[in-house]
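Since the structure comes first, as structure tokens, the remarks are kept for the end.
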Amino acid sequence: MRTIPFFLICLVIGGIAFAAALTLGNDYYFFAGYVVLQYVVLSTAWNILGGYCGYVNFGTGAFFALGAYSTVTIYTLIDTNAFPHVVPIPVLMLVGGAVSAVVGLGMGYLTLRLRGAFFAIATLAMAVVLETLVVNWDFVGGSRGAFIIRPETIAPFGSYIRYLFLIMLLLAVASLTIARLIERSRLGYGLATIRDDEFAAEAAGVPTLRLKLIATTISGALMGMAGAPFPYYIGYLQPQPTFALDYAVNAIAMPLIGGTSTWVGPLIGALLLGSLQQIIIVTISSAVNLLLVGALLVAFVILAPNGIVGLAHKYLQHKDDDFVGRRRTGLEAPAPQVESSPTSEAPS
Amino acid sequence: MASSLTIAGIDAAYGAVRVIENVSLEVGNGETVALLGTNGNGKSTLMKCVMGIVRPSTGSIVAEIEGVRHDLTGLTTEEIVDLGIALVPEGRRLFPKLTVEENLLLGAFRRTARAQLARNLEICFETFPRLAERRRQLAGSMSGGEQQMLALGRALMLAPKILLVDEPSVGLAPILVSRTIEAINEMKHRYALTVLMAEQNFNQAIRIADRGYVIVHGKIAFEGRSADELNNNDLIKKFYLGL
Chain A
229 MRTIPFFLIC
239 LVIGGIAFAA
249 ALTLGNDYYF
259 FAGYVVLQYV
269 VLSTAWNILG
279 GYCGYVNFGT
289 GAFFALGAYS
299 TVTIYTLIDT
309 NAFPHVVPIP
319 VLMLVGGAVS
329 AVVGLGMGYL
339 TLRLRGAFFA
349 IATLAMAVVL
359 ETLVVNWDFV
369 GGSRGAFIIR
379 PETIAPFGSY
389 IRYLFLIMLL
399 LAVASLTIAR
409 LIERSRLGYG
419 LATIRDDEFA
429 AEAAGVPTLR
439 LKLIATTISG
449 ALMGMAGAPF
459 PYYIGYLQPQ
469 PTFALDYAVN
479 AIAMPLIGGT
489 STWVGPLIGA
499 LLLGSLQQII
509 IVTISSAVNL
519 LLVGALLVAF
529 VILAPNGIVG
539 LAHKYLQHKD
549 DDFVGRRRTG
559 LEAPAPQVES
569 SPTSEAPS
Chain B
30 MASSLTIAGI
40 DAAYGAVRVI
50 ENVSLEVGNG
60 ETVALLGTNG
70 NGKSTLMKCV
80 MGIVRPSTGS
90 IVAEIEGVRH
100 DLTGLTTEEI
110 VDLGIALVPE
120 GRRLFPKLTV
130 EENLLLGAFR
140 RTARAQLARN
150 LEICFETFPR
160 LAERRRQLAG
170 SMSGGEQQML
180 ALGRALMLAP
190 KILLVDEPSV
200 GLAPILVSRT
210 IEAINEMKHR
220 YALTVLMAEQ
230 NFNQAIRIAD
240 RGYVIVHGKI
250 AFEGRSADEL
260 NNNDLIKKFY
270 LGL
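Protein sequences, first through last, are from chains A and B. Residue numbers for the first sequence follow our numbering, so the first one is 229 and each next one is one higher. Residue numbers for the second sequence follow our numbering, so the first one is 30 and each next one is one higher.
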């Protein structure tokens, strides 16, 4: 399937989901759905670097918070009494995305020479550094946090949360399309070589640093875009919960549970785990949340290391030894001619 | 057209650890030159210097490709690959979770190499028919010998002029070592390659080498101007075989 039809189909499915939520007639579903969709974006974004390229990023919370604090900065800069909510949310998302993209690129330059656990530690350190900066930056509220009073309603959606939900839905569709596009492109194959063997990739002429930088930039930008509307959603933005490890852990757990090598994995993982968390918050307690993530993660690592996508593939195809979880349509070469021609000359 | 490689007086270090000291060697057009030495003497580092993965602190590395001279020390790895210099890394280093065919296609990641993609793939399958049989299989699931063939095939996909082979015998059963060495020789003649091969396995390497250098503690300890000279030399026995 080409990219544009895929995008349109996702839009239609998203539209149906939106319409279904409307018919339920309770805004709670939009509040809960927003969080799930936010995780679809975050885990898809994480997977571009973590799943395709094999670099584990523990800084999801930081990129997300950067997007959120970009919004707070703009909100604070503009006289809110004179011009209430003059900057539309999509513009805020572009700004938040741009800020996170720049930080992603910078982080890439500084840390992508590190590999494995060292890279993961560096991203974690970056999150801590950024949190400290924000906590000590009074302009955006410092450790007290920042308020954004969201408007009650917005035309033609009715309540504001419906609008936020729709925006996050569009971003989720866009992220999935981007992830799928990368997966089937030369970039995706290049990232796969880096994941499998970085030294061999270099020897084959893959420009490893450049590809990794592209991946961190795209990944960071999407995380920032997911964070930008968050102050409008939450109303009161605090540094500690915004930079919290919850985002990083969830953004890693969801692709791992779904399956890291395709765009479907993070989607399934986020829908499943995100919804489950929302249900548990309402029915049991919000504290059980991360416990559940931990338990599921352990179970999946042991029982289904290739995630739900891997399990499904195994069940449908009965050959798990051959499973890589990636569709191999992007780089097909013509079948070789069987009849041999004398080829004593060098291939040119 | 002539292709050759000239390394003159290079030093290379990892941080404070000096690995290569004042190494000079030459690989003439159409030659197979063996770089002999045991573990930890700087063979792989020298290969990485040629590919621009490790930067020598002094000295020059010049490749002549089809009559044009290129100074490799200022080029990036991608540019060096684009010139037609391919490295078969030590220990094969395949992409284990990709298929045989994908591994081969990724050998031609560079735009210059992709121009003749279909043809090079065909040539590759012809040279190593076993790879054609296993084209849909994951590279990591093949035997060691097959993996080595794939590593060689992947390098062929670049249609290289100069081939660097780093320890092709490592981790292989003796019969497979012998076959791999023969495969390299066959590739060389078939595609008119200029080959620099680092190897520990002295007896296997000199079967196909025209000349050779023995590297000890990062220095060229002995230069053998013919295979015979390498074979019947007391210095070799002392330096290399430890007899």
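The beta carbon of each residue, even a glycine, is placed where N, CA and C say it ideally should be.
Closer than 8 Å, CB to CB, is residue i near chain A or not?
i               : result
F281 of chain B : As displayed, chain B neither begins before 30 nor continues past 272, which places residue 281 of chain B out of reach and without an answer.
R122 of chain B : yes
P85 of chain B  : no
F251 of chain B : no
L34 of chain B  : no
T67 of chain B  : no
L135 of chain B : yes
A42 of chain B  : no
T106 of chain B : yes
V110 of chain B : yes
Tell me whether residue i sits in a helix, a strand or coil according to DSSP, three-state version.
i               : result
Y280 of chain A : coil
D239 of chain B : coil
E162 of chain B : helix
F375 of chain A : strand
V434 of chain A : coil
R554 of chain A : The pLDDT assigned to R554 of chain A is 44, lower than 50, so where the model puts this residue is not dependable, and the model offers no usable value.
S406 of chain A : It should be pointed out that residue 406 of chain A corresponds to Ile in this sequence rather than to Ser. Helix.
E60 of chain B  : coil
R121 of chain B : coil
I536 of chain A : helix
I265 of chain B : helix
E55 of chain B  : strand
L150 of chain B : helix
E228 of chain B : strand
A383 of chain A : coil
Please classify residue i as buried or exposed, where buried requires at least 16 other C-beta atoms within 10 Å of its C-beta.
i               : result
L338 of chain A : exposed
S328 of chain A : buried
D195 of chain B : buried
Q468 of chain A : exposed
P457 of chain A : buried
L544 of chain A : exposed
N364 of chain A : exposed
V356 of chain A : exposed
L264 of chain B : exposed
P197 of chain B : buried
T272 of chain A : buried
N309 of chain A : exposed
F311 of chain A : exposed
G535 of chain A : buried
Y43 of chain B  : exposed
V552 of chain A : Any answer about V552 of chain A is weak, because its pLDDT of 47 lies below 50 and its placement is not dependable; what the coordinates show is given next. With 16 or more Cβ atoms within 10 Å of its Cβ, V552 of chain A is classed as buried.
Y464 of chain A : exposed
T511 of chain A : exposed
Between residue i and chain B, is any beta-carbon pair separated by less than 8 Å?
i               : result
G421 of chain A : The residue you asked about is not Gly; residue 421 of chain A is Thr in the sequence shown. It does; some Cβ of chain B falls within 8 Å.
P435 of chain A : yes
G369 of chain A : no
V552 of chain A : Note that V552 of chain A scores a pLDDT of 47, beneath 50, so its modelled location is shaky and nothing firm can be said.
F346 of chain A : no
Y475 of chain A : no
T490 of chain A : no
G287 of chain A : no
Y417 of chain A : yes
message: Could you check whether the region 420-428 of chain A touches the region 102-112 of chain B, counting it as contact only if at least three pairs of C-beta atoms, one from each stretch, sit closer than 8 Å?
response: No, the region 420-428 of chain A is not in contact with the region 102-112 of chain B.
- prompt: Is the region 67-76 of chain B touching the region 242-259 of chain B, taking contact as three or more C-beta pairs under 8 Å?
  reply: With a cut-off of 8 Å, the region 242-259 of chain B and the region 67-76 of chain B count as touching, because enough Cβ pairs lie within range.
- prompt: Whole alpha helix (DSSP H) runs in the region 248-325 of chain A with 4 or more residues, listed along the chain?
  reply: 256-278 and 288-305
message: For the pair the region 251-259 of chain A and the region 372-390 of chain A, tell me if three or more CB-CB distances fall below 8 Å.
response: Yes, the region 251-259 of chain A is in contact with the region 372-390 of chain A.
field: Complete beta strand (DSSP E) runs within the region 162-226 of chain B (minimum length 3 residues, chain order)
entry: 191-195
task: Decide if the region 484-491 of chain A is in contact with the region 235-250 of chain A; the criterion is three or more beta carbon pairs, one per stretch, under 8 Å apart.
output: no
query: Should the region 493-505 of chain A be regarded as contacting the region 446-466 of chain A, the criterion being three or more beta carbon pairs within less than 8 Å?
result: no
task: Inspect the CB distances between the region 226-245 of chain B and the region 160-167 of chain B and report whether three or more fall short of 8 Å.
output: no
query: With a cut-off of 8 Å, do at least 3 Cβ pairs link the region 116-130 of chain B to the region 180-196 of chain B?
result: yes
- prompt: Are there three or more Cβ pairs, one per stretch, closer than 8 Å when the region 283-301 of chain A is compared with the region 341-354 of chain A?
  reply: These segments touch.
Stretch-stretch touch, CB-based, cutoff 8 Å, three pairs: the region 427-437 of chain A with the region 123-139 of chain B: yes
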